[in-house]
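With my numbering as the guide, the letters of the sequence shown map in order to residues 23 to 421.
For each residue, glycine too, the CB sits at the ideal point set by N, CA and C.
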Amino acid sequence: MIKGQPHTPPAAAPSLRRLQELERDYAIPTYVRNPVQFVRGSGCRLWDADGNEYLDFLAGISVLNVGHCHPRIVDTVREQVARLTHVTNLYYTEPALELSAALSRSSLGGKVFLCNSGAEANEAAIKLARRARPHGKVIVLEGAFHGRTYGALSATPQETKQAPFAPLVPGFVVVPKDPAALSDAVDSETAAVLIEPIQGETGIHVLSDELLRAARDACERTGAALLFDEIQTGMGRTGTLWAYEQTDVVPDALSSAKALGGGLPIGALVTGPRLADALRPGDHGSTFAGGPMVASAARVALEICSDPKLLTRVRAAGERLASALAALPFVATVRGRGLMLAIDLVGGLDAAELARRALLEQRLVVNATGPATIRLEPPLIVSDAEIDEAVARLEMLSG
Ligand SMILES: *Cc1c(COP(=O)(O)O)cnc(C)c1O
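The structure is reproduced here in structure tokens:
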């Protein structure tokens, strides 16, 4: 057996038809799935049940930053799951506390609350800020996405996602992405300003330095907490470990998830020194949070994504991909930073249809984040050859 490599061939996969029947009869229909069944992944590649190979330029929505089935993640999880899988946070386990230390040292220098997902990390951030300023308002920006649980959903000002589930959590205020408007909205009754430094789910919109500066200044002036949602931007995605490093602003706390677990589900709230002790014993908790298996995987993922050589490579790879995309005939604009990129299509082209054709005709995995916007977020280990191949596959769609 080769360490970290798949050593057993996948069992004969059920047919796609069978899975679609199971979905129809038994899955609560919250997802609109593409008609492909993936059975294996390695690096930037995926394979479907018929053995077809795909290039993955979505990485499970920026989860597989280290690539699929990274050998060090596979080995770590295999070893840990067989030794100790779960005990609860009533006891000490090394992976959770070593991960907390590594996350703090890699960023804001305060303390860490571990959880199981992005939405949960934002829930913890909101609770932290309200604990520090009871009953305080939470300011969020137009176009934000912070997750689907009630607190996170209340921070996600999108009519179609919020309206069916009213009433939402009170105290959330939406402001336009305008420095003056943001500044005016923040006062002594504001607990937090919650911001994605690059808005991901709504189409990769990089927030201006002026807007981030205005948020920082307003929080200084009023004592509100500046919270960065780095769930999608973090873990090296933009060419630095955290996206805030490429701004001149440091938040009071940040939330992480997605790529943090190297493919396994984990989230984290990381504070700076000021808010490190705002939450107290009994204030918050979660059964699975920081379990040995996911925490040990996350330590490895964090170490890989912190490597300065990888981060330099992400910036170069991002430039290569962005300029190749800009040259495609159906691309109007390219947006983003590092390997967090989106293209806007020229007039009339439907992004969902193009993404579907990319998948089914060219075996390239990307996704549409709007009617005319396609998002590309390959694993950070993507090679120049893979970038060129992906762009060539996209180019085939223009014919
Ligand atoms: C994905 C995402 C979330 C939600 O994370 P889940 O793990 O799906 O709950 C929140 N914020 C941002 C910026 C995200 O990209």
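Suppose you measure from the CA of residue i to the CA of residue j; what does that come to, to the nearest Å?
| i | j | result |
| --- | --- | --- |
| ALA166 | ASP251 | 10 angstroms |
| VAL388 | ALA364 | 10 angstroms |
| SER278 | PRO287 | 11 angstroms |
| ASN56 | ALA374 | 11 angstroms |
| PRO189 | ALA143 | 22 angstroms |
| THR154 | LEU301 | Note on residue identity: the sequence assigns Ala, not Thr, to residue 154. So the alpha carbons of these two residues sit roughly 8 angstroms apart. |
| ALA394 | HIS227 | 14 angstroms |
| LEU41 | SER84 | 25 angstroms |
| PRO432 | ASP209 | One cannot answer for residue 432 here, as it falls past the ends of the chain, which runs 23 to 421. |
| LEU44 | ASP206 | 52 angstroms |
| LEU68 | THR212 | 46 angstroms |
| ALA247 | CYS241 | 6 angstroms |
| GLU145 | PRO351 | 42 angstroms |
| ALA34 | PHE79 | 26 angstroms |
Checking 9 angstroms against the spacing of the C-beta atoms, do residue i and residue j come in under that value?
| i | j | result |
| --- | --- | --- |
| ALA380 | ARG415 | yes |
| THR171 | ALA141 | yes |
| ASN74 | ARG385 | yes |
| ASN87 | GLY258 | yes |
| VAL292 | LEU125 | yes |
| LEU229 | LEU163 | yes |
| ASP274 | ARG235 | no |
| LEU38 | VAL58 | yes |
| VAL109 | SER318 | no |
| THR224 | MET362 | no |
| ILE253 | GLY340 | no |
Taking residue i as the reference, which of the options has the closest Cα?
| i | options | result |
| --- | --- | --- |
| GLY132 | CYS327, THR115, LEU343, ASP299 | ASP299 |
| GLY358 | GLU43, LYS280, ILE220, TYR266 | ILE220 |
| LEU130 | SER308, ALA265, PRO198 | ALA265 |
| ALA354 | ARG67, ASN138, ASP274, ASP366 | ASP366 |
| VAL404 | GLY63, GLY89, PRO36 | GLY89 |
| ARG321 | LEU77, ILE95, GLU145 | ILE95 |
| VAL61 | HIS306, TYR53, ASP72 | ASP72 |
| VAL195 | ALA214, PHE187, THR182 | ALA214 |
| CYS66 | ALA81, ALA49, THR115, TYR53 | ALA81 |
| VAL368 | ALA407, LEU333, SER420, LEU382 | SER420 |
| VAL134 | SER122, GLU145, ARG127, SER128 | SER122 |
| LEU398 | VAL356, GLY158, MET418, VAL316 | VAL356 |
| LEU347 | HIS306, PRO330, GLN254, ILE396 | ILE396 |
Ligand 1 and residue i: does any heavy atom of the ligand fall closer than 8 angstroms to the residue's C-beta?
| i | result |
| --- | --- |
| ILE83 | yes |
| GLN42 | no |
| ARG170 | yes |
| PHE310 | no |
| GLU399 | no |
| PHE187 | no |
| GLU164 | no |
| ILE226 | no |
| ALA141 | yes |
Buried or exposed: residue i, going by 16 or more other Cβ atoms within 10 Å of its Cβ?
| i | result |
| --- | --- |
| GLY304 | exposed |
| ALA151 | buried |
| HIS157 | exposed |
What do you reckon, is the C-beta of residue i under 8 angstroms from a heavy atom of ligand 3?
| i | result |
| --- | --- |
| ASN87 | Ligand 3 is absent from the structure shown, which contains only ligand 1. |
Any Cβ of chain B within less than 9 angstroms of the Cβ of residue i?
| i | result |
| --- | --- |
| ALA71 | Although the question refers to chain B, the structure presented lacks it and comprises just one protein chain. |
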